[in-house]
Structures are given as structure tokens and as C-alpha cells.
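Residues in the sequence shown are numbered consecutively from 8, following this note's numbering.
Beta carbons: idealized from backbone N, C-alpha and C, even for Gly.
What follows is one structure encoded as C-alpha cells, with my remarks underneath.
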Amino acid sequence: MSQELPGFIMCVCTGKCPGFQAMDIWDFINQVRVELPVEYAFIHPQLCEEDGDRFLADFLKSHRKVIIGACAPNMQRKMFKDAFKEAGLNIEEDAVMLDIRDMTNEKAFEVVENKLEEMGYEV
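What follows is the structure in C-alpha cells.
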């Protein structure tokens, strides 16, 4: 039986956050999408805003574990817990939150790759 692949969502804080200056977000998301065992990978401009809440409420209906590459996990937990709860999901079990700010593409890719390996996926 094959393991269901997680999705990967990258939040870039409007694209102007200084924490993402060292990264080419488009090269990074394409590298994750093509080279890592994920079902999909995409960028959302600001998940912590109201439209981000609406997006998560609709999107999380798939009940697929998601990896979120964005700001600090404690901030992600605070901002997204209600959306996960409303979707009938547990943020601690159904989300993997990674802080990929202040990293180059290579370092951020390594962080995602290592997490997927930890989760038992063949990378």
C-alpha cells in the first residue's frame, strides 16, 4: 500500500517580508513540486489574512496532511488553528509547520526534504 503524499503550502507574507529576501520563491516552489514526494506545492501570498482563512476553510476539506513553509511554527499554529478545527482537522496531527524564513533556496529545500524523510517518505 502506498502512502498518501502530503501537500506543500508556502506562505510568503505578501512577498515583501525581509525573511524571504535570500530566496527565489519561484525556483524554490518549483524545486519542491518537482523533486520532492509531495502531491502538490503552491504559494499563497498571506495565509494569516481573512482571505487566507477562507482559503484554508475551503481547501482543508480534502483531509490531506499539509506541510506549511512560512513563518515560525508557533505563529502558524496561532493563526491557522481555527481553520483546521473548522475543517474537522487537528493542526498538531494534520499540519507540519516549518519556518523557512531567512534561508536560501538550498537551505529551505533541505529543511523540507529532511522533514519529508522524517515523515517516512522516500526522497
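Using the rule of at least 16 other Cβ atoms within 10 Å of the residue's Cβ for burial, across every protein chain shown, is N112 buried or exposed? As a position in the sequence shown, residue 112 is number 105, starting the count at 1. Classification for N112: buried.
Mind checking whether G14 and I107 have CB atoms under 9 Å apart? The residue given as residue 14 occupies position 7 in the sequence shown. The residue given as residue 107 occupies position 100 in the sequence shown. Their beta carbons are not under 9 Å apart, which means G14 does not touch I107 by this criterion.
Along the chain, which unbroken stretches of the beta strand (DSSP E) at least 3 residues long are found entirely within the stretch 11-50? 14-18
Would you tell me roughly how many angstroms separate the C-alpha atoms of Q10 and G76, rounded to the nearest one? As a first step, residue 10 must be located in the sequence shown, where it is residue number 3. As a first step, residue 76 must be located in the sequence shown, where it is residue number 69. Those two C-alpha atoms are separated by around 21 Å.
Inter-residue Cα distance where the pair is E57 and A90: Along the sequence shown, one-based indexing puts residue 57 at 50. Along the sequence shown, one-based indexing puts residue 90 at 83. Those two C-alpha atoms are separated by around 11 Å.
Tell me, which residues are paired with A64 by DSSP? Within the sequence shown, the letter at position 57 stands for residue 64. According to DSSP, which records beta bridges pairwise, A64 is partnered with nothing at all.
Would DSSP call A94 helix, strand or coil? By one-based count along the sequence shown, residue 94 stands at place 87. DSSP places A94 in coil when its eight states are reduced to three.
Checking the sheet assignment: what are the DSSP bridge partners for M104? Counted from its first residue, the sequence shown places residue 104 at position 97. Beta-bridge pairing links M104 to I75.
Exposed unless 16 or more other CB atoms sit within 10 angstroms - verdict on Q28: Walking along the sequence shown from the start, residue 28 turns up at place 21. It counts as exposed.
Whole-angstrom Cβ separation of V64 and E93, contact assumed at under 8 Å? On the sequence shown, position 57 is the one that residue 64 refers to. On the sequence shown, position 86 is the one that residue 93 refers to. Residue identity check: residue 64 is Ala in the sequence provided, not Val. The pair is a contact, with the Cβ atoms about 6 Å apart (cut-off 8 Å).
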